[in-house]
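Engineer: Position in the sequence shown (first residue = 1) + 62 = this note's numbering. The structure's right below; bear with me while I get my questions together.
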Amino acid sequence: CVLLNDLNIPLLLMLINGILITAQAKEEVLLDMNAIGGELGWLTWSLDQVDKPGWEVVQKTLNGSQLYTYSVCVDEREQDNWLRTTFIQRRPSASRVFVELKFIVRDCNFFDSSSLTCKETFNLFTSESDADVGTTFRKGQFRKVATIAPDEISKTDLRINTDTRVVENLSRKGFYLAFQDIGACIALSIRSRVYYRKPALAHCLAVLASFPETVAGWCRDQALREVNGVCVENSISEELPRMHCTVDGDWVVPVGQCQCKPGYEEVKDSCQECQMGFFKGEASGEKCKPCPANTQRLNSGALFCPCMDGFYRAPTDPLTGPCSGLPSAPRDLKATTNAGKLHLSWSPPADTGGRTDITYKIECQRCEGTVCQSCGEKIHYEPASVGLTDTKVLVSDLDAHLNYTFTVEAQSGISLFISQAPQQVKRPVSTSALTTSLLYTDPPKITTMRLVAKTSTSLSLSWDVSPRPRAHSPPIRYELTYRKKDDNLDVTTYTVLILEKNSVQIFELAPGTAYLFRVLALSIDNSPGGSSMEEQFETSAEESSPNKTAVILGAAVGGAAMLLIVVVVLLLHRRKRNPHIRQGPEDTYFSSSDPTEQLKPLKTYVDPHTYEDPNTAVMKFATEIHPSHIAKEKVIGAGEFGEVYRGILKVPGRKESAVAIKTLKPGYTEKQRQDFLSEASIMGQFAHQNIIRLEGVVTKFKHAMIITEYMENGALDRYLRDHDGEFTSFQLVGMLRGIAAGMKYLSDMSYVHRDLAARNILVNNTLECKVSDFGLSRVLEDDPEGTYTTSGGKIPIRWTAPEAIAYRKFASASDVWSFGIVMWEVMAFGERPYWDMSNHEVMKAINEAFRLPAPMDCPSAVYQLMLQCWLHDRAKRPRFGDIVNLLDKLLRSPDSLKTIADFDPRVSIRLPSTSGSDGSPFRSVSEWLESIKMSQYSENFSRAGVVTMDQVLQMKNEDIKNIGVRLPGHLKRIAYSILGLKDQTSTLSVFA
């Protein structure tokens, strides 16, 4: 779009993405403070016009010129200072103006007085009017535009900041701007200005298409102007090329772009033939490409390059791709036997012929004497004998003591094509095969097991082995495994014996007790054969006639039992004295297999509130940092106590590092300061890679701060919502493993978190999750519905265990319940637990044994662990050590995550998924998409012509993909919701 100014000066052209564009529309200034050159006569207002003048005009001389600024600085009392501009006349076309501010903000650390309440930001307001109201000023007439924060804070030197903000939807004859100061030290430069962008005439040109001169719109509310164009020679377009001119003179929304024909490419706004050795097979804006590997070069204007002799394309290969040859033979073919099966493995061919679709075919021959024949369909291959992509196969159902020959052939996508045209083959097929021969002998198998004799403390057993030819009868060893039959124990102990003969006598057994036995035969190479079924045998009851030895033994046992009872009572008494240690039967649930693990000395958490002076705890557990070592960069949030900044920590002798800086808001009380710093006293006691790291504190200066490591991706729940469907189950379980490791560390230190939730987990740029938010005295949620008030304070209902809600019994077991909710949040990509249910409904549902259903695509093993965490009896919930071990096992065996838990879309997709907010069917497609949090696809459905719910019900998975839904998680959410709509026959609730 070529812009013309009022003087018709020569056109300034810029080539951007193939479109010729000029500079942006001309800026028209409405207010230029610098151009006035004197006092501006702006209105000032403050709470106390006499004692606190607020904004003042400051005159300075620079290079012989008088410069003016409006300045205000922090005071010892509450501040509310306003500076209002004079009436600014609006031009008819200026419904959207830009405010360019140049200002200086003084660093709060510059002031030493402890009574000052200092801030480093100020606010911009605007008010519209049809006439100048003079000196009349009412704050209620102004609407806020933005909070202005400096990029650079001035310390000893003065650093000028520039910030441009947009004021939109102006419609009256003029407007005022106002600046509010609530406690900062600011100088507003007169070099600031207010302007708008003036519409201009536009003459439109584009590469491969020409457009007539066009006048752009003069009003922002005017629709875009559509202009038709004409394609250049040797270029085509599926539809008439069209462009749209905006009010700013920009080309937007191209339709029907012209593209060079096949065999032609774009060269200097025209289409020319591809050179020799290059080709282009379709009309597009791309350049001609060089002929790919193993192809012939043709004359200019080629649409494709044919294959050279001895190289081919498969029928499914594109004509634009390279040609390839046959693969060479596989390498290192090996055969081993194990458990009655034959394992074949090999290495890929050294030469794949330039292809990646390599598969393998297995052929088998069996030989008796000198006669060989095909194995036929008798033997079984796992997973298959043809089309293998892996370099191994398992063969079973072989006959013993026969010679077998196995041939492994490497094939590719061109193999079938060559086999159908053998005259074209330049290389024999046999070069792609590898052969091995072996004598197969099956391992021994256990047939029967019998009881030979028994006493009250011993059992004698024997067993038989399947018959084997005498010529092939090497020695056999046996593996005997037995255990006590006891269904009530969670931990089972097995005893394993390796024996040289098929009988055994086992001593030191318990009288009158049943034992389960299993025998496995081992061949000479230790490969296991078939094992026996698990058999049960029972020792005899102990003799009823006591003798003297039995009496003495009984007395000794009784004495030992009494000693054990005394020890147990002492341990229980010690546990009751420590409120942080879990009590009850949960100590034996999921017990560790390593008894020494329970004896390792652990560092114990110290509650900072036990110190008479809380400052002592801060000094003991946190490092003091001087404010000069901290550089604030940007406000990234606001906590309960004040603003949170991203910044840089510059400690001498250490590398600079990014940090998060929590500040204490002005006007705080001493109790608020102690509560603020108590979180640092807690964090300073922890040192674990999955716990947020405390860098230090600032306590010896007026503005207290807590400095922690900076987590680039922020809170876990918001991060998952922003990346819905982008992570695999394996990655999500990895995140959960990190959280569980951090909680195990806290639990081992006897610390109870009480507020474990995805919002309190932070994520860094390597997706490592860290537990944070250790302030126990604050309100746990901003949402009043998020907490349940009892005599002891507020708790987050959706994440809290039933006993903690009812009796305020917080322990490691209640943190385990919360971890189960965090697991659900992670697997549901940050969805709100219990959806739109009220807190009262949540408590009622939990007490009636309702549990959150499995999220979509959640592995069954992960959901089962959630249910274990949500057991009503806290003694039966797993410990964090058990959770870490289980998650480690899942991560070591990714196949265990492939089994998906049952998913009911009618329960799992809320707001609800099958009816509108009033219980009736959805009135529109957009309302339905909003209910399942997929409103970003409303335009996709509209463009595809799907505008009614009846059309939605007819859609299939392929239809959803075709309208542009690509993320797997989003695709499944929409598909499952449609399934729920089809199954709906009545109004659905979460308890349906």
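Even for Gly, the Cβ is constructed at its ideal location relative to N, Cα and C.
Shorter than 8 Å, the distance from the beta carbon of V1027 to the closest heavy atom of the ligand GTP, or not?
Structural biologist: As presented, the structure is devoid of all ligands, the ligand GTP included, so that no description of it is given.
Engineer: Identify whether N677 lies in helix, strand or coil by the three-state DSSP scheme.
Structural biologist: Helix, per DSSP.
Engineer: Do L756 and T685 have their C-beta atoms within less than 9 Å of each other?
Structural biologist: Yes, Cβ-Cβ distance for L756 and T685 is below 9 Å.
Engineer: What did DSSP end up calling R304 once you bin it into helix, strand or coil?
Structural biologist: Residue state, collapsed to three classes: strand.
Engineer: Three or more beta-carbon pairs under 8 Å between the region 444–462 and the region 356–368, yes or no?
Structural biologist: With a cut-off of 8 Å, the region 356–368 and the region 444–462 do not count as touching, because too few Cβ pairs lie within range.
Engineer: Would DSSP call S812 helix, strand or coil?
Structural biologist: DSSP places S812 in coil when its eight states are reduced to three.
Engineer: Quick one: what's got a C-beta closer than 6 Å to V721's C-beta in the same chain, skipping five residues either side?
Structural biologist: Only G709, L711, E757, I769, Y772 meet the Cβ criterion.
Engineer: Whole angstroms are fine: how far does the CA of G339 sit from the CA of P389?
Structural biologist: One C-alpha to the other measures close to 27 Å.
Engineer: DSSP three-state call for R393: helix, strand or coil?
Structural biologist: Strand.
Engineer: Where A1035 and L949 are concerned, what is the direct C-alpha to C-alpha distance, given to the nearest angstrom?
Structural biologist: It should be noted that the sequence gives Arg, not Ala, for residue 1035. Their Cα atoms are separated by approximately 26 Å.
Engineer: From the DSSP output, in three-state form, read off W104 for me.
Structural biologist: The answer is coil: DSSP assigns W104 none of H, G, I, E or B.
Engineer: Report back the beta-carbon spacing between P410 and P392 to the nearest angstrom; my notes put them in contact at under 8 Å.
Structural biologist: Yes, P410 and P392 are in contact; Cβ-Cβ is about 7 Å, under 8 Å.
Engineer: Could you pull out every residue in the same chain whose Cβ sits closer than 8 Å to the Cβ of I908, ignoring the five residues on either side in sequence?
Structural biologist: Closer than 8 Å at the Cβ level, and outside the excluded window around I908, lie P864.
Engineer: Going by the DSSP bridge assignment, what does A249 pair with across the sheet?
Structural biologist: In the DSSP output, where bridge partners are listed per residue, A249 has S133, I166.
Engineer: Quick check: the Cα distance between A193 and F204, rounded to an integer number of angstroms?
Structural biologist: Going by the C-alpha atoms only, they are around 15 Å apart.
Engineer: Between which two residues does the alpha helix (DSSP H) carrying S740 extend?
Structural biologist: It spans 732–745 - the alpha helix (DSSP H) in which S740 sits, taken as one unbroken run.
Engineer: Opposite A208 in the DSSP bridges: which residues?
Structural biologist: For A208, which the question treats as bridged, DSSP gives the partners L186.
Engineer: Applying the criterion that 16 or more other CB atoms from any shown protein chain within 10 Å of the CB defines a buried residue, is N361 buried or exposed?
Structural biologist: Flag for N361 reads exposed.
Engineer: Per DSSP, what kind of secondary structure is R255 in: helix, strand or coil?
Structural biologist: Looking at R255 - three-state DSSP - the assignment turns out to be strand.
Engineer: Check this for me: beta carbons of F789 and F881, under 9 Å apart or not?
Structural biologist: Contact flag unset, no.
Engineer: From what residue to what residue does the beta strand (DSSP E) around G758 run?
Structural biologist: Where G758 is concerned, the enclosing beta strand (DSSP E) stretches over 756–760.
Engineer: Considering V558, what are the terminal residues of the beta strand (DSSP E) in which it resides?
Structural biologist: 556–561 is the span of the beta strand (DSSP E), which, as asked, contains V558.
Engineer: Applying the criterion that 16 or more other CB atoms from any shown protein chain within 10 Å of the CB defines a buried residue, is A240 buried or exposed?
Structural biologist: Label assigned to A240: buried.
Engineer: Which whole runs of the alpha helix (DSSP H) in the region 900–977 are 4 residues long or more, in chain order?
Structural biologist: Segments of the alpha helix (DSSP H) lying fully in the region 900–977: 901–909, 922–931, 942–954, 967–970.
Engineer: If I476 sits next to Y374, beta carbons under 8 Å apart, how far is it from one beta carbon to the other, in whole angstroms?
Structural biologist: 5 Å between Cβ atoms; contact.
Engineer: Is it the case that the region 940–960 contacts the region 813–828, given that we only count it when at least three CB pairs across the two stretches are under 8 Å?
Structural biologist: No, they do not touch.
Engineer: Among the residues of its own chain, which have a CB less than 8 Å from the CB of A1037, if the five just before and after it don't count?
Structural biologist: Hits under 8 Å: N1019, I1022.
Engineer: Tell me where the alpha helix (DSSP H) around R783 begins and ends.
Structural biologist: That run of the alpha helix (DSSP H) goes 778–784.
Engineer: So, are the CB atoms of S474 and D419 less than 9 Å apart?
Structural biologist: In this structure, D419 lies closer than 9 Å to S474 by Cβ.
Engineer: So P577 packs on Y544, CB below 8 Å; how close in whole Å?
Structural biologist: In the sequence on display, residue 577 carries Tyr and not Pro. So it is a contact: roughly 5 Å between Cβ atoms.
Engineer: Using the beta-carbon count (16 or more within 10 Å), is Q1016 buried or exposed?
Structural biologist: The residue is exposed, with fewer than 16 neighbouring Cβ atoms inside 10 Å.
Engineer: Whole angstroms is fine: what's the gap from S272's alpha carbon to C293's?
Structural biologist: Rounded to the nearest angstrom, the two C-alpha atoms are 7 Å apart.
Engineer: Beta carbon of S297, beta carbon of G236: below 9 Å?
Structural biologist: No; because the gap between Cβ atoms is not below 9 Å, this pair is not in contact.
Engineer: Reducing DSSP to helix, strand and coil, say where G1110 ends up.
Structural biologist: Outside the modelled stretch of the chain, which goes from 63 to 1054, sits residue 1110, for which no answer is possible.
Engineer: So Y238 is in the beta strand (DSSP E); what residue range does that whole segment cover?
Structural biologist: Taken as a continuous stretch (DSSP letters only), the beta strand (DSSP E) holding Y238 covers 236–243.
Engineer: Going straight from the alpha carbon of I150 to that of L102, what length do you get?
Structural biologist: Distance between the alpha carbons of I150 and L102 is about 12 Å.
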